[in-house]
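If you're matching positions, the sequence shown starts at 4 in the working numbering and goes up one per residue.
We put the beta carbon where it would ideally sit given N, CA and C, even for glycine.
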Amino acid sequence: MKHLGIDVSVRNLPELDPNYIPLFPFYESFLKGASKPLDIAVERSAGQVAVYKTFIHGTPEMAEADLYYVDRIIKTLLWLKGGFKVYIAGDKAIYEAIHKAYSKEGTRAFDEDFMAGVYEHPFEVVYCDAVPAEVSKSEAIGRHMNGCRIGFDAGGSDRKVSAVIDGEPVFSEEVVWFPKTNSDPDYHYQGIVDAMKSAAAHMPRVDAIGVSSAGIYIDNRTMVASLFLKVGKKDFDAKVKDIYIRAAKEFGDVPIVVANDGDVSALAGAMSLEENNVLGIAMGTSEAVGFVDDKGNITGWLNELAFVPVDAAPTAMVDEWSGDIGCGVKYFSQDSVIKLAPAAGIELDESLSPAEKLKVVQGLMEKDDDRAAAIYRSIGVYLGHALRLYYHFYGFKHILLLGRVMSGKGGDIVLAEAKRVLAEEYADIASKINPTLPDEKARRVGQSVAAASLPEF
């Protein structure tokens, strides 16, 4: 296959998506003829900087391919590691194109606005003679078992809470709620406090509170979170940014730690595996990701792989939220199952919700319907290629695959196909990484119990 003048050789393509061009092989093919050095750095909070040194062609005939390559790398760095300032050294024309793209009227206006909001800092793209040095700060996460702890897991359809005494859960509760459709932040606050009070009632005292919640959190403050999708900006700033901090004060001056649910999933996996260097990927409503590094720490990276590109095909599906194409959310979530269903010959009732459509396909899979199996085989091929791309940036050892898409027989097919693609296409790393589904021990640890271990006191 060919894209922007680059020949990309791949043996394994998803049977239901033959136009798919996995991004990592495209990068490898692009770099074979590239010799002009280009350095990129992305600055995020607390002076942390991610550096990526690479090459472009720097010729008029390859100008379009050069810009596409750099655009995809910068997009990846921003959503994987986060940042509000991009530094470029080595090519003024590339800088000018990226600077224009990341403007209020540019093609990356969504990314520019999003990152500025997350870091509460104007977004910048600057040209320099040399990019700043790499600066990274990881911090220990969880595994604290002493005392009486509350672990709260805020999901989009239900909230879970556990009371944990010296590492042993003594009470757990799961309650249905509707945070994504409610515009009143007092509804969310009351639900959070009610859950925590339920757990507190089963312990003699509360020593610490840990929270696992979808979204981006900095210093325990809510920067962006789909749970509060319908809350207006004024109410968000006044009542949501510090919602968990306020809830903890209901129990006195106790330490609280709020972490992204993907990071807590990775922590639960690391605790279960008794290993570090774990990437957790939950395929559900979206692609939720967390990472625990080789020291057992979290990195402060965004890990929002749902918006990291994985497909170079110009015909790739558009993500409705960001307006970009080829991003992970359309490959590793219920959206992927729904996207592939027509090609598999499965008609889904348009009146059904996305979750209900997924259940239809899962029901067919449980009956060994080969049309459904073809969907999961295709997702497995996507995953095998994407894991090679993710490994390039993370260098992980274990991958824990979670979420509704990975449940049942379909999840087994996805895992088997991903392993096959890794072995056949990327033998150099296939033996270094270990994709797994959660075992019973991981299920018992649970998200809310792992969350309880977050604070240290």
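H6 (DSSP reduced to helix, strand or coil):
strand
Can you give the beta carbon distance from H205 to F231, rounded, assuming they're within the 8 Å contact cut?
Actually they do not touch by this definition, with Cβ atoms about 28 Å apart.
If you scan the region 248-319 from start to end, which runs of the beta strand (DSSP E) of 3 or more residues do you find wholly inside it?
259-263, 281-286 and 290-295
Exposure label - S38; buried when at least 16 CB within 10 Å:
exposed
Any chance you could list the beta strand (DSSP E) runs of at least 3 consecutive residues sitting entirely within the region 50-104, in chain order?
Listed in chain order, the beta strand (DSSP E) elements of length 3 or more contained wholly in the region 50-104 are 52-59 and 88-92.
Report the residue ranges of all beta strand (DSSP E) runs contained in full by the region 123-206; include only those spanning at least 3 residues, in chain order.
Taking only runs of at least 3 residues, the beta strand (DSSP E) segments lying wholly in the region 123-206 are 127-130, 151-157, 161-168 and 171-179.
Expressed to the nearest angstrom, what Euclidean distance is found between the alpha-carbon atoms of I301 and D266?
7 Å
Residue ranges of each alpha helix (DSSP H) within the region 337-375, 4 or longer
337-347 and 357-369, all fully within the region 337-375.
With burial defined as no fewer than 16 other Cβ atoms inside 10 Å of the residue's Cβ, what is the status of D297: buried or exposed?
exposed
Here's the rule I'm using: 16 or more other beta-carbon atoms within 10 Å means buried, otherwise exposed. How should R14 be labelled?
exposed
Short Cβ contact (8 Å threshold) for T62 with L41
no
Starting from A454 and walking both ways along the alpha helix (DSSP H), at which residues does that stretch end?
Where A454 is concerned, the enclosing alpha helix (DSSP H) starts and stops at Q450 to A455.
For F155 versus A203, is the C-beta distance shorter than 8 Å?
no
Candidates I144, S354 and M286: closest to S456 by CA position
Considering only alpha carbons, the answer is I144.
Using the beta-carbon count (16 or more within 10 Å), is Q193 buried or exposed?
So Q193 counts as exposed.
So, is the C-beta of C330 closer than 8 Å to a C-beta in chain C?
In summary, chain C is missing from the structure at hand, where a single protein chain is found.
Mind checking who N437 pairs with in its DSSP beta bridge?
Per DSSP, H401.
Residues near A133 by beta carbon distance below 8 Å, same chain, minus five either side
Cβ neighbours of A133 within its own chain (closer than 8 Å, five residues either side excluded): D42 and A92.
Out of F399, S381, I436 and F33, which one is the CA nearest neighbour of D415?
Looking at the Cα atoms, S381 is the closest of the given residues.
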